[in-house]
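Worksheet: the structure to be examined is printed underneath.
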Amino acid sequence: MCVDLIKLTIDGKDVEVPAGTSVLDAAESIGIHIPRLCYDPCLSSVGACRICVVEIAGMRNLPASCVTTVTPGMVVRSDTPAVMEARKTILELLVANHPMDCLTCEKMGDCRLAEYCYAYGVTKGSFKGEEHHYDLEESNPFIVRDLNKCIVCGKCIRACNEITGKDILDFAYRGFGTKVAPFGDTPYIESDCVFCGNCVSVCPTGALTEKQMRGKGRRWELKRVRTTCPFCGVGCNFDLNIMNGKIVGVTSTNGPVNGRALCVKGRFGWDYVHNPKRLTKPLIKKNGKFEEATWGEALGLIATRFKEIRDKHGADSFAALSSARCTNEENYLVQKFTRVVMGTNNVDHCART
Ligand code: FES
Numbered sequence: 302m303c304v305d306l307i308k309l310t311i312d313g314k315d316v317e318v319p320a321g322t323s324v325l326d327a328a329e330s331i332g333i334h335i336p337r338l339c340y341d342p343c344l345s346s347v348g349a350c351r352i353c354v355v356e357i358a359g360m361r362n363l364p365a366s367c368v369t370t371v372t373p374g375m376v377v378r379s380d381t382p383a384v385m386e387a388r389k390t391i392l393e394l395l396v397a398n399h400p401m402d403c404l405t406c407e408k409m410g411d412c413r414l415a416e417y418c419y420a421y422g423v424t425k426g427s428f429k430g431e432e433h434h435y436d437l438e439e440s441n442p443f444i445v446r447d448l449n450k451c452i453v454c455g456k457c458i459r460a461c462n463e464i465t466g467k468d469i470l471d472f473a474y475r476g477f478g479t480k481v482a483p484f485g486d487t488p489y490i491e492s493d494c495v496f497c498g499n500c501v502s503v504c505p506t507g508a509l510t511e512k513q514m515r516g517k518g519r520r521w522e523l524k525r526v527r528t529t530c531p532f533c534g535v536g537c538n539f540d541l542n543i544m545n546g547k548i549v550g551v552t553s554t555n556g557p558v559n560g561r562a563l564c565v566k567g568r569f570g571w572d573y574v575h576n577p578k579r580l581t582k583p584l585i586k587k588n589g590k591f592e593e594a595t596w597g598e599a600l601g602l603i604a605t606r607f608k609e610i611r612d613k614h615g616a617d618s619f620a621a622l623s624s625a626r627c628t629n630e631e632n633y634l635v636q637k638f639t640r641v642v643m644g645t646n647n648v649d650h651c652a653r654t
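So the sequence shown is numbered by our numbering: it starts at 302 and just counts up by one.
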């Protein structure tokens, strides 16, 4: 398929991108970072926050670059005094009604609003006015909602709709009272929320945070380990957040299979890893009771019994049922063992039908 390429300049640099590309993405493609709060490459762009404004020759106002598509010969400047001033004013307006408890905010170190305030030298105080005083919502086991920190960018609404395929969240009320809420302005736990946490993963501030991670460590202290979810056969990728050798949470990555999407099990169901009731030693039933054994004893017993069954009843008396929760390599070994050692093709898999 032939794609039209559009040539333009951004901050004096020539760039050529496919038609339909946004100015923000075109800038990104040549290493120019334009601030963004409501923009996310995984979501539709709505141009809600205006922090991404730029100057474009021939345009009277400062357009939002995330919702402005490139045109041939366009001349864009992302760093003029007017652009900087506009972004600073937007940040000042946002923090006018934002708690400045960054010292204890769970999102510190991963808050885009704080990052831009620091970059643009914005502190509290330029605008004075009414402030929200919403109660913290902690009534569900997974997500903490602090609507005082919400900048109403709508990313959580779009994530719920476009990533999860649900429609739990929307804007409620009007004007200063506008907030994001499930239908009827109920807590998450009383809504049809499936607690996938995809809304949390896109929130640019501390409005939505993972309950399990609260107080477990600052974001920059966490070691991230990329892994594949073991819960089903889809093979979603994510990063485990590790603190002092223990998992404290999960962060979405751009996995080849799942993008940033996760379900409740992948994002919040990892606590079994450190459950003290997990079996760490094999058990062998003796006289009707399970007793701890060594791996040598357990594997030796399995091998002996398998051999007895095969020799007494024939190879086809044996069958192996493998699992989608195993890796490809493990599934390969199961079928190899069944065919070569047990001598039968009786191999099946829970995800076959
Ligand atoms: Fe472009 Fe919000 S990032 S308007």
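Every residue gets a Cβ at the ideal spot worked out from N, C-alpha and C, and that includes glycine.
At least three beta-carbon pairs within less than 8 Å, the region 528-544 to the region 484-493: no
For Glu491, name the three-state secondary structure that DSSP assigns. In the structure shown, Glu491 adopts helical secondary structure according to DSSP, grouped into three states.
Would the region 324-331 count as touching the region 355-375 if we require 3 or more Cβ pairs under 8 Å? yes
With 16 other CB atoms within 10 Å as the buried threshold, where does Ser553 fall? buried
For the candidate residues Gly374, Arg361, Met375 and Gly546, whose alpha-carbon lies nearest to that of Val384? Of the residues Gly374, Arg361, Met375 and Gly546, the one whose Cα lies closest to the Cα of Val384 is Arg361.
Nearest residue (CA-CA) to Leu338, options Cys412, Arg446, Arg527 and Thr529: Comparing Cα positions, the closest option is Cys412.
Would you say the beta carbon of Arg361 comes nearer than 7 Å to a heavy atom of ligand 1? no
Classify Lys450: buried if its beta carbon has 16 or more other beta carbons within 10 angstroms, exposed otherwise. buried
Measure from the alpha carbon of Phe496 to the alpha carbon of each residue in Pro577, Met643 and Phe569, then state which is nearest. Phe569
When you compare the region 338-348 with the region 452-465, are there three or more beta-carbon pairs, one atom per stretch, that lie closer than 8 Å? yes
Which of the three DSSP states, helix, strand or coil, is assigned to Glu407? coil
Beta-carbon within less than 6 Å of Glu439's beta-carbon, same chain only, minus the 5 sequence neighbours each way: which residues are those? Excluding positions up to five away in sequence, the list reads Val445.
Beta-carbon proximity list for Leu563, same chain, < 8 Å, skipping 5 on both sides: So the list reads Cys497, Gly498, Asn499, Ser502, Cys530, Cys537, Phe539, Val551 and Ser553, once near-sequence residues are dropped.
Going by the beta-carbon positions, is the gap between Ile548 and His575 smaller than 8 Å? yes
Between Tyr573 and ligand 1, is there a pair consisting of the residue's CB and a ligand heavy atom that are separated by less than 7 Å? no
So, for Ile543: in the same chain, excluding its five sequence neighbours on each side, which residues have a beta-carbon less than 8 Å away from its beta-carbon? Leu523, Lys524, Arg525, Val526 and Val549
Between which two residues does the beta strand (DSSP E) holding Gly550 run? Gly550: member of the beta strand (DSSP E) spanning Lys547 to Ser553, first to last residue.
6 Å CB neighbourhood of Arg351 in its chain, flanking five on each side removed: Ala365 and Ile391
If contact is defined by three or more beta carbon pairs under 8 Å, each pair taking one atom from either stretch, is the region 397-411 in contact with the region 374-388? Segments in contact, no.
Among Glu593, Lys456, Gly615 and Trp571, nearest to Ala349 - alpha-carbon criterion: The shortest CA-to-CA distance from Ala349 to any of Glu593, Lys456, Gly615 and Trp571 is the one to Lys456.
Look up Thr529 in the DSSP assignment and give the residues it is bridged to. Asn538
In the DSSP assignment, find the beta strand (DSSP E) that holds Ala473 and state where it starts and stops. Leu470 to Ala473
Between Trp596 and the rest of its own chain, which residues show a CB-CB distance below 7 Å, the 5 nearest in sequence each way excluded? Pro583
Measuring only the C-alpha atoms, how far is Val642 from Val558? 34 Å
What's the call for Trp571, buried or exposed, on a 16-neighbour Cβ count within 10 Å? buried
With a threshold of 7 Å, establish whether the CB of Leu622 neighbours any heavy atom of ligand 1. no
Measuring CB to CB, does Asn632 end up less than 8 Å from Ser623? In this structure, Asn632 sits near Ser623, with a CB-CB distance shorter than 8 Å.
Mark Ala320 as exposed unless 16 or more other C-beta atoms lie within 10 angstroms of its C-beta, in which case mark it buried. exposed
Is it the case that the CB of Cys457 approaches a heavy atom of ligand 1 more closely than 7 Å? no
Is Ala621 near Asn588, with beta carbons less than 8 Å apart? no
Do you know whose CA, among Thr639, Arg519 and Asp493, lies nearest Lys608's CA? Distance from the Cα of Lys608 is smallest, within the candidate group Thr639, Arg519 and Asp493, for Thr639.
Does the distance from the C-beta atom of Asp312 to that of Ile335 stay below 8 Å? no
Please output, in chain order, the residues near ligand 1 using a CB cut-off of less than 6 Å to any non-hydrogen atom of the ligand. Arg337, Leu338, Cys339, Tyr340, Gly348, Ala349, Cys350, Arg351, Ile352, Cys353, Ala365 and Cys367
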